[in-house]
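As structure tokens, the structure follows; a few thoughts come after it.
Residue numbers (the numbering used here): 29 to 122.
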């Protein structure tokens with residue numbers, strides 16, 4: 029039978045080696061996690077910029093719609109004015 033002290037000592041050596049290996053493996057696995065976290069930060073910052081750009085683009089769109097409404101109202105007013113101005117001419121010619 030083997031000496032129990034030697035067996036425990038050898039087991040400790042194996043466990044220390046396994047621990048070193050697992051630490052190295054953990055470092056190797058954690059590097060992509062850091063990279064992915066950085067990429068996630070970039071993407072979320074890009075989303076913030078795109079949301080701001082969307083707000084900037086939508087504001088002129090609102091103003092253009094209002095301007096279009098005003099132009100339509102003026103056009104309607106001019107059409108009515110032309111109609112009412114043509115009434116006396118029709119009355120005289122008729």
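Each residue gets a CB set at the ideal place from its N, CA and C atoms; glycine is no exception.
Per DSSP, reduced to three states, the secondary structure at residue 61 is helical. Rounded to the nearest whole angstrom, the CA to CA distance from residue 57 to residue 51 is 10 angstroms.
Here residue 96 carries a helix assignment [DSSP, helix/strand/coil]. The beta carbon of residue 112 lies closer than 6 angstroms to none in the same chain, with the five residues before and after it left out.
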